[in-house]
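For the sequence shown, this note's numbering assigns the number -11 to the initial residue and increments by one for each residue that follows.
Each residue gets a CB set at the ideal place from its N, CA and C atoms; glycine is no exception.
Every value quoted in this text rests on a predicted model; they were computed, and no experiment measured them.
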Amino acid sequence: MYNLDGRVAVITGRAVGIGRGIATRLAQEGCDVAVLDLDLAGAQETAAMVQVTGRRALVLAVDVADADAVATAMDQVKVALGPIDIAVNNAAITAVGKVVDIRASTSFRSAASAAPTTLPAWSPSLPPTNPRT
């Protein structure tokens, strides 16, 4: 396993279930965790579980379907916890017809917002890329 001590993880859609499990496991491995969800009560419960491990937790109410809200949330995480090392896109809704749209678009938005700090942290030796070549 990687040494995750002191790393910062962002998890969307983690108020319950798989997301909560990921958040608590990452905290056990040494990560500070930002929990992003519209379910604030569930997010606060998850944050409390993270804090029991001795790690910091940040709770933000974020609609992952809103690109500006996601970008703002990522900026808030960076200010409160530091550069983002890990981004887990776990958010979804259960309405038929929306799940695929939410998964694909929010995964991109979250990754794009976190990428400026996650990529250099994990692969500093990679050369810059030019998407036009």
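Hey, how far is the Cα of residue i from the Cα of residue j?
i	j	result
L14	A59	22 Å
T34	V23	8 Å
V87	D54	Caution applies to V87, whose pLDDT of 47 falls short of 50 and renders its modelled position unreliable; the value that the coordinates give is listed next. Near 15 Å, if we compare the C-alpha coordinates of D54 and V87.
R45	D20	At residue 45 the sequence reads Ala, which differs from the Arg that was named. About 6 Å.
R43	G(-6)	9 Å
P116	K66	Interpretation of P116 is limited by its pLDDT of 45, a score under 50 that renders its predicted location unreliable; the figure taken from the coordinates is listed afterwards. Cα to Cα, P116 sits roughly 23 Å from K66.
V(-2)	G30	16 Å
D56	I10	25 Å
By the DSSP assignment, the beta strand (DSSP E) with residue i in it spans what residues?
i	result
I(-1)	V(-4) to T0
A29	Not the beta strand (DSSP E): A29 falls in the alpha helix (DSSP H), residues L28 to V40.
L24	D20 to L24
So what does DSSP say about residue i, is it helix, strand or coil?
i	result
V52	coil
A15	helix
A75	strand
V47	strand
G70	coil
D126	Lying outside -11 to 121, the shown extent of the chain, residue 126 is not represented and no answer is given.
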